[in-house]
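S.K.: Numbering (my numbering), first residue to last: 11 to 197.
Here it is: the structure, laid out below.
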Amino acid sequence: GIKLGNFEIEGENRINTTIIKEYEKNTMTYNEPGPSLKPEETAGFIQTVKQTLDENPEASLIISGAAPDGFSLEAFLKMLDFARENRHTIMADIGGVLLPETVKGPIGLLKINREEFSLAFGFDGYEDTARLKEFMAEKKISSVVLTDGSAGAIALEGGEMVRCTLEKDCGGPWAVGSGDAFFGGYL
Numbered sequence: 011g012i013k014l015g016n017f018e019i020e021g022e023n024r025i026n027t028t029i030i031k032e033y034e035k036n037t038m039t040y041n042e043p044g045p046s047l048k049p050e051e052t053a054g055f056i057q058t059v060k061q062t063l064d065e066n067p068e069a070s071l072i073i074s075g076a077a078p079d080g081f082s083l084e085a086f087l088k089m090l091d092f093a094r095e096n097r098h099t100i101m102a103d104i105g106g107v108l109l110p111e112t113v114k115g116p117i118g119l120l121k122i123n124r125e126e127f128s129l130a131f132g133f134d135g136y137e138d139t140a141r142l143k144e145f146m147a148e149k150k151i152s153s154v155v156l157t158d159g160s161a162g163a164i165a166l167e168g169g170e171m172v173r174c175t176l177e178k179d180c181g182g183p184w185a186v187g188s189g190d191a192f193f194g195g196y197l
């Protein structure tokens, strides 16, 4: 199963407020900035990740969501390098500047939404699955899951592809947290 752990930092959690406009079938989201990590908190977090992986040689490093303010690209790369050097599988649902860095080395699973993928890599992997397979081979990505909201998702692994669609309307485009929930369920 999935083992979870907490790493305490100073500062308050951020509050995310979502306004659901049922009559328009859309949402508006306001995300407060979260706390900033201090350098010693970042170092402590990296040490905790390393210790956890050392104690669990078969464990995967699962990365999901955006890095908090103060968590540098350098710290992120240290974490990835450690996992790769010690042969831990990396599974990621990540975007922004960390995404291209994540796929620079072998990765077991990349879950990303269609739009983020297209913006990051310059082609629509959801439609151009032949190119997506080439991309996976080039980047050494074992599995890719591209989600596309109410249109469903595709999953590719070992040359095989599965395309999934929604059986029923879930009641609206509630995008906030949907990708996170999908990733957790998929794992």
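Think of the CB as a built atom: it goes at the ideal place given N, C-alpha and C, for glycine as much as any other residue.
#1: What residue does the alpha helix (DSSP H) around G7 start on, and which one ends it?
#2: Beta carbon of I104, beta carbon of T157: below 9 Å?
#3: Using 9 Å as the threshold, is the C-beta distance between F92 and L63 below it?
#4: How many Å lie between G15 and E170 at the Cα?
#5: Measure the C-alpha to C-alpha separation of Y40 and G106 and round it to an integer number of angstroms.
#6: Does DSSP classify R97 as helix, strand or coil?
#7: Does G120 pass the burial test, meaning 16 or more other C-beta atoms within 10 Å, or should it be called exposed?
#8: Could you check which residue in G132, G118, E177, E148 has the C-alpha nearest to that of V155?
#9: Tell me the DSSP bridge mates of L90?
#10: Between the segment 28 to 44 and the segment 80 to 99, are three or more C-beta pairs nearer than 8 Å?
#11: Would you mind giving the Cβ-Cβ distance between P67 and P45, rounded to the nearest angstrom? I have them listed as a contact below 8 Å.
#12: Would G135 pass as a contact of L142 if the rule is Cβ separation under 9 Å?
M.R.: According to the structure shown:
#1: The question about residue 7 has no answer, for the chain in this structure spans 11 to 197.
#2: no
#3: yes
#4: 34 Å
#5: 18 Å
#6: coil
#7: Residue 120 is actually Leu in this sequence, not Gly. The residue in question, L120, is buried, as its Cβ has 16 or more Cβ neighbours within 10 Å.
#8: G118
#9: Paired residue(s): none; L90 is not in a bridge.
#10: no
#11: Not quite, the Cβ-Cβ distance comes to about 32 Å (not below 8 Å), so this is no contact.
#12: yes
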